[in-house]
């Protein structure tokens, strides 16, 4: 089972989802993992390196910096670094990036995602 601990100490299953944001081009989305964590009513997804690289393709202010093994977001004088953190997904330890954990990510196909 794909799991993560939430604040209460109970486990939540990770699931594969698609997300978008109002800052992305129309109809653009990216695949991500999500364990049901929300921030101010918005999903808090985590991304594989490939998923995050796909996001870079539609979001020029986000780039991967090999020397730091992290994604860098620079826009309007704001700079944020996003490093990978290990998460257990389906029995496999994946390195996932929490890109824009306080951004307003929106789930796509919400009817298919059991919350």
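Residue numbers (my numbering): 1261 to 1375. Note that CB positions come from ideal geometry on N, CA and C, so glycine has one too. Fair warning: this is a prediction, and the values are worked out from it, not measured in the lab.
Taking all protein chains shown into account, do 16 or more other C-beta atoms lie within 10 angstroms of the C-beta of residue i, making it buried, or fewer, making it exposed?
i            : result
residue 1295 : buried
residue 1345 : exposed
residue 1325 : exposed
residue 1312 : buried
residue 1303 : buried
residue 1283 : exposed
residue 1405 : Summary: the structure shown does not reach residue 1405, with the chain confined to residues 1261 through 1375, and so no result is reported for it.
Looking at residue j and residue i, is the spacing between their C-beta atoms short of 8 Å?
i            : j            : result
residue 1340 : residue 1321 : no
residue 1298 : residue 1356 : no
residue 1424 : residue 1365 : Summary: the structure shown does not reach residue 1424, with the chain confined to residues 1261 through 1375, and so no result is reported for it.
Kindly give me the distance between the Cβ atoms of residue i and residue j, rounded to whole angstroms, as I take these residues to be in contact under 8 Å.
i            : j            : result
residue 1279 : residue 1367 : 6 Å
residue 1358 : residue 1342 : 6 Å
residue 1332 : residue 1318 : That pair is no contact at about 16 Å.
residue 1272 : residue 1293 : Actually they are not in contact, since the Cβ atoms of residue 1272 and residue 1293 sit about 11 Å apart, beyond 8 Å.
So, helix, strand or coil for residue i, using DSSP?
i            : result
residue 1317 : helix
residue 1310 : helix
residue 1330 : strand
residue 1346 : strand
residue 1353 : strand
residue 1290 : strand
residue 1274 : coil
residue 1361 : coil
residue 1322 : strand
**Report entry** the segment 1338-1357 / the segment 1281-1289 touching (three or more Cβ pairs under 8 Å)
**Finding:** Verdict: no, contact absent.
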